[in-house]
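Using numbering that gives the first Met the number 0, you'd call the opening residue of the sequence shown number 0 and step up by one each time. For glycine and all other residues, C-beta sits at the position ideal for the given N, C-alpha and C.
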Amino acid sequence: MSRNFSLLFDLDGTLVNTDELHFHAFQVLLGELGRSLTLETYQSRIMGATNDVIMREFFPDVPQSRHRQLADRKEALFRASVSRLEPTAGALELFDWACSRGVGIAVVTNAPRANAQLLLNGLGLADRIDTLVIADELARGKPDPLPYLTGLERLGGDARHAVAFEDSLSGIRAASAAKIYTFGMRTALPAQTLLDAGAGDVIDDFTAPSLWRMLDEAVQTVS
0 MSRNFSLLFD LDGTLVNTDE LHFHAFQVLL GELGRSLTLE TYQSRIMGAT
50 NDVIMREFFP DVPQSRHRQL ADRKEALFRA SVSRLEPTAG ALELFDWACS
100 RGVGIAVVTN APRANAQLLL NGLGLADRID TLVIADELAR GKPDPLPYLT
150 GLERLGGDAR HAVAFEDSLS GIRAASAAKI YTFGMRTALP AQTLLDAGAG
200 DVIDDFTAPS LWRMLDEAVQ TVS
């Protein structure tokens, strides 16, 4: 099914702010191994990266055969810390807008499937998306454009008539490399950092007037 317009969302830090929970899980994991982690390091080198990349960078002295075990431990710590979830302001209204206009919705994430399903169910969004792209199940994750290209393909969409939403450097680089106009979410990183990574605009949440003006104009153009 071809789509006139598509919306592609990152999950963590974009549809829901889980950065504090992920940061704490990494702190616990590293603490168990006698190591530590600063918030700056988390934001610049971990946030938005795949577990494979994170494990190689932070545990080069640990046998690669143990990397999956360490990643699974971190994700289990994260899932155990998830309780009540609040969607980013304006997210539900944006999903309503998309549904009423037949706009395709994809969630494109570097998170494991178990995490993504937990969050989407907790937000009440699992049944409101058209496709869920798990980068870990593809040949390459973000910052490679493959996850976003896969999302577009599954939606029957076109990068020229699509918008992506991302909060991390790797995510913005991935969506931008897929030629999708990308809104940077100012969840954790400074606006200029997001723009330098390739974001076309920066917003605090989905209530931003600039977002709604752009969407209304874009949909009218392709209708």
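- Item | For Ala-105, three-class secondary structure by DSSP | The sequence position of residue 105 within the sequence shown is 106, counting from 1. It is a strand residue.
- First and last residue of the uninterrupted beta strand (DSSP E) at Asp-51: One-based indexing of the sequence shown puts residue 51 at position 52. Asp-51 -> not in any beta strand (DSSP E); alpha helix (DSSP H) instead, spanning 50-57.
- Would a C-beta distance cut-off of 8 Å place Ser-43 and Ala-105 closer than the cut-off? The residue labelled residue 43 in the question sits at position 44 within the sequence shown. The residue labelled residue 105 in the question sits at position 106 within the sequence shown. Cβ distance not < 8 Å, so Ser-43 and Ala-105 don't count as in contact.
- Query: Excluding the five sequence neighbours on either side, which residues of its own chain have a C-beta within less than 7 Å of the C-beta of Lys-73, listed in chain order?
  - Reply: Along the sequence shown, one-based indexing puts residue 73 at 74. Excluding sequence neighbours, Lys-73 sits near Ala-24, Phe-25 and Leu-28.
- Message: For Tyr-180, report the span of its alpha helix (DSSP H) as first-last.
- Response: Taking the sequence shown and counting its residues from 1, the one referred to as residue 180 is at position 181. Here Tyr-180 belongs to no alpha helix (DSSP H); instead the beta strand (DSSP E) covers 180-184.
- Message: Quick check on DSSP: helix, strand or coil for Pro-208?
- Response: Translated into positions along the sequence shown, residue 208 becomes position 209. Three-state result, Pro-208: helix.
- Message: By the DSSP assignment, the alpha helix (DSSP H) with Leu-194 in it spans what residues?
- Response: Residue 194 sits at position 195 when you count from the first residue of the sequence shown. That run of the alpha helix (DSSP H) goes 190-196.
- Task: Helix, strand or coil for Ser-27, going by three-state DSSP, please let me know.
- Result: Here residue 27 refers to the residue found at position 28 of the sequence shown. The sequence given here places Val at residue 27; Ser does not occur at that position. Correct three-state label for Val-27: helix.
- Message: In the DSSP output, what is Thr-130 paired with across the bridge?
- Response: Start at 1 with the first residue of the sequence shown, and residue 130 comes out as number 131. Its beta-bridge partners are Ala-105.
- Of the choices Leu-38, Pro-208, Ser-167 and Thr-13, whose alpha-carbon is the least far from that of Gly-197? As a position in the sequence shown, residue 197 is number 198, starting the count at 1. Measuring from the Cα of Gly-197, the nearest candidate turns out to be Ser-167.
- Return helix, strand or coil for Pro-62, following the three-state DSSP convention. Translated into positions along the sequence shown, residue 62 becomes position 63. Here Pro-62 sits in coil by DSSP.
- Please state whether DSSP places Ser-82 in a helix, a strand or coil. Taking the first residue of the sequence shown as position 1, residue 82 is located at position 83. DSSP places Ser-82 in coil when its eight states are reduced to three.
- Query: Name the DSSP beta bridge partners of Val-15, please?
  - Reply: Locating residue 15 in the sequence shown gives position 16, counting from the first residue. Bridge partners of Val-15: Asp-11 and Pro-86.
- Query: With a CB to CB cut of under 7 Å and the five nearest residues on each side skipped, what residues in its chain are close to Pro-283?
  - Reply: Past the boundaries of the shown model lies residue 283; the chain is included only from 0 to 222, so the question cannot be answered.
- Task: Determine the DSSP secondary structure at Phe-22, reduced to helix, strand or coil.
- Result: Taking the sequence shown and counting its residues from 1, the one referred to as residue 22 is at position 23. Here Phe-22 sits in helix by DSSP.
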